[in-house]
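These notes are about the structure you will find just below.
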Amino acid sequence: MEEMLYELGPYAAGLNAARWDLKASIFEFVMADAAQVWPDRFGVDIKTTPFLANIFRRLVAISLKRGAVPIGGMATALPNPDPEVNRAAAEAIRADKQWEAEQGFIRGWVAHIFHMKTAGDPFKALIGSGWKPTAQMANPDNYPVVIKVPEGPITVDGTRRNARMLIEYVEGWLAGRGAKGIDSLEGKPGIHPALMEDLATGRMSVAPWSSSSCATSSPTSSRAARAPRPTSAIARRPESRCAGSRTTPS
640 MEEMLYELGP
650 YAAGLNAARW
660 DLKASIFEFV
670 MADAAQVWPD
680 RFGVDIKTTP
690 FLANIFRRLV
700 AISLKRGAVP
710 IGGMATALPN
720 PDPEVNRAAA
730 EAIRADKQWE
740 AEQGFIRGWV
750 AHIFHMKTAG
760 DPFKALIGSG
770 WKPTAQMANP
780 DNYPVVIKVP
790 EGPITVDGTR
800 RNARMLIEYV
810 EGWLAGRGAK
820 GIDSLEGKPG
830 IHPALMEDLA
840 TGRMSVAPWS
850 SSSCATSSPT
860 SSRAARAPRP
870 TSAIARRPES
880 RCAGSRTTPS
């Protein structure tokens with residue numbers, strides 16, 4: 640991160656902590672290692688995964704050290720005709736941005752201007768309160784980069800959700816859209832807004848499980864995602880983690 644700021648010099652406005660892009664970059668780095676297969680991607684939250692949160696805090700520290708602006712992750716929810724869906728999305732966005740503000744971020748970004756005010760309010764409130772980062776927050780040495788495998792299961796529901804998202808994203812890509820709003824839980828109970836998906840999220844959805852041929856307790860495996868009929872992969876039942884990690888069948 641410091642090297643990027645150095646090379647860009649006066650053209651660098653700040654550093655952006657992009658959640659899915661960070662995870663996708665890590666995946667590319669560890670893709671060939673079957674011991675580094677992650678669980679369902681929607682179960683890995685930056686806020687509750689210490690080594691990922693540490694990378695965010697390191698970005699803030701480097702930005703403070705070098706006079707750059709630390710910019711939080713994207714709020715990916717898109718507006719919906721249903722006010723209840725928008726309300727649920729706003730609550731999730733507000734919680735995310737509040738956490739980022741508490742880590743020292745002073746900016747964020749959104750997939751759609753509809754959620755701009757919701758995303759911006761926590762940063763404005765923090766700055767308006769006179770809050771200042773501590774000396775510890777401004778020292779990158781306090782936040783070394785350590786890559787680990789998050790705790791969590793690979794489930795059939797997670798696989799179906801990932802496969803559905805990937806199929807819909809590829810359809811959008813072939814139609815000329817590099818990013819697409821997708822509700823990967825459409826048809827499921829509950830309130831869930833469409834989220835902006837892009838190449839990073841498409842790439843990370845099934846590639847690690849497929850390339851490592853994750854073992855299952857049944858004759859099938861996540862390698863089924865490579866089958867000629869991708870919709871059949873959604874019906875498979877992956878029931879165990881690679882490298883002997885914890886399992887939660889669905």
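The sequence shown lines up with residues 640 to 889 when you count with our numbering.
Ideal Cβ placement from N, Cα and C applies to all residues, glycine included.
Simplified DSSP assignment, three categories, for K686: The residue labelled residue 686 in the question sits at position 47 within the sequence shown. If DSSP states are grouped into helix, strand and coil, K686 belongs with the helices.
Which residue's Cα is closest to the Cα of G712: V785, P832, I694, G767? For the purposes of this step, residue 712 is taken as the residue at position 73 of the sequence shown. Here the closest residue by C-alpha is I694.
Taking the DSSP output, what are the residues bridged to I821? In the sequence shown, residue 821 corresponds to position 182, counting from 1. Under DSSP, the beta-bridge partners assigned to I821 are L834.
Where K763 and K736 are concerned, what is the direct C-alpha to C-alpha distance, given to the nearest angstrom? For the purposes of this step, residue 763 is identified with residue 124 of the sequence shown, where counting begins at 1. For the purposes of this step, residue 736 is identified with residue 97 of the sequence shown, where counting begins at 1. Their backbone Cα atoms lie some 11 Å apart in a straight line.
For V708, which option in V749, P718, A652, E741 has the closest C-alpha, if you only look at C-alpha atoms? The count along the sequence shown starts at 1 and reaches residue 708 at position 69. Distance check between V708 and each of V749, P718, A652, E741 places A652 closest, using alpha-carbon atoms only.
Taking DSSP's pairing of strands, which residues face R746 in a bridge? Sequence index remark: in the sequence shown, residue 746 carries index 107 (1-based). I710, per the DSSP bridge assignment.
Rounded to a whole number of angstroms, what is the C-alpha to C-alpha distance between A833 and A802? As a working mapping, residue 833 is identified with position 194 in the sequence shown. As a working mapping, residue 802 is identified with position 163 in the sequence shown. Taking the straight line joining both Cα atoms gives about 16 Å.
Helix, strand or coil, according to DSSP, for M643 in the structure here? As a working note, residue 643 is residue 4 in the sequence shown. Residue state, collapsed to three classes: helix.
First and last residue of the alpha helix (DSSP H) that includes G811? Within the sequence shown, the letter at position 172 stands for residue 811. That run of the alpha helix (DSSP H) goes 795-813.
Taking 8 Å as the threshold, find out whether the stretch 785-802 comes into contact with the stretch 672-681 through three or more Cβ pairs. Enough Cβ pairs lie closer than 8 Å, so yes.
contact_flag[the stretch 725-740, the stretch 752-772] where n(CB pairs < 8 Å) is 3 or more: Judged by Cβ distances under 8 Å, the stretch 725-740 makes contact with the stretch 752-772, as three or more pairs qualify.
Considering only their Cβ atoms, is the gap separating I685 from L654 smaller than 8 Å? Stepping through the sequence shown from its first residue, residue 654 is reached at position 15. Stepping through the sequence shown from its first residue, residue 685 is reached at position 46. Cβ atoms of L654 and I685: not closer than 8 Å.
Identify the residues that DSSP records as bridge partners of L654: which are they? Translated into positions along the sequence shown, residue 654 becomes position 15. When beta bridges are read from the DSSP output, L654 appears opposite P709.
Residue span of the alpha helix (DSSP H) that contains T773, given as start and end: Reading the sequence shown from its first residue, position 134 is the one you call residue 773. Careful: T773 lies outside any alpha helix (DSSP H) and carries neither H nor E.
Go ahead and pull the three-state DSSP assignment for P649. Within the sequence shown, numbered from 1, the residue matching residue 649 stands at position 10. Judged by DSSP in its simplified three-state form, P649 adopts helix.
Thinking M804 and I821 are a contact (beta carbons under 8 Å), I'd like their distance in whole angstroms, please. For this step, residue 804 is matched to residue 165 along the sequence shown. For this step, residue 821 is matched to residue 182 along the sequence shown. At roughly 5 Å, the Cβ-Cβ gap stays under 8 Å, so M804 and I821 are in contact.
Distance between beta carbons of R697 and Y808, contact taken as under 8 Å: In the sequence shown, counting from the first residue as 1, residue 808 sits at position 169. In the sequence shown, counting from the first residue as 1, residue 697 sits at position 58. At roughly 30 Å, the Cβ-Cβ gap does not stay under 8 Å, so Y808 and R697 are not in contact.
Burial state of W770 (16 or more Cβ within 10 Å): In the sequence shown, the residue the question calls residue 770 occupies position 131. Exposed is the call here.
If you run the structure through DSSP and keep just helix, strand and coil, what is A734? The residue given as residue 734 occupies position 95 in the sequence shown. Under the three-state reduction of DSSP, A734 is assigned to helix.
The alpha helix (DSSP H) that contains K763, what's its start and end? Translated into the one-based positions of the sequence shown, residue 763 becomes position 124. Annotation: the continuous alpha helix (DSSP H) that includes K763 extends over 755-767.
Pick helix, strand or coil for A716, following the three-state DSSP scheme. Indexing the sequence shown from 1 puts residue 716 at position 77. Taken through DSSP and simplified to helix, strand or coil, A716 comes out as strand.
Helix or strand or just coil, what does DSSP make of A777? Numbered from its first residue, the sequence shown carries residue 777 at position 138. A777: coil per DSSP, three-state reduction.
My guess is that A814 and H754 are in contact by the Cβ rule of under 8 Å, so how many angstroms apart are they, rounded? Along the sequence shown, read from residue 1 onward, the residue named residue 814 stands at position 175. Along the sequence shown, read from residue 1 onward, the residue named residue 754 stands at position 115. Separation of the CB atoms of A814 and H754 is rounded to 25 Å, and the pair is thereby denied contact status at 8 Å.
Around the Cβ of Y645, are there at least 16 other Cβ atoms within 10 angstroms (buried) or fewer (exposed)? By one-based count along the sequence shown, residue 645 stands at place 6. An exposed status is given to Y645, since fewer than 16 other beta-carbon atoms sit within 10 Å of its beta-carbon.
Return the chain-ordered list of same chain residues with a C-beta closer than 7 Å to the C-beta of Q775, the five sequence neighbours on each side being excluded. Here residue 775 is taken as the residue at index 136 of the sequence shown, counted from 1. Within its own chain, the residues whose Cβ lies closer than 7 Å to the Cβ of Q775, once the five positions on either side in sequence are excluded, are N781, listed in chain order.
Output the distance between the C-alpha atoms of I745 and K662, rounded to the nearest integer angstrom. As a position in the sequence shown, residue 745 is number 106, starting the count at 1. As a position in the sequence shown, residue 662 is number 23, starting the count at 1. Answer to the nearest angstrom: the Cα atoms are 22 Å apart.
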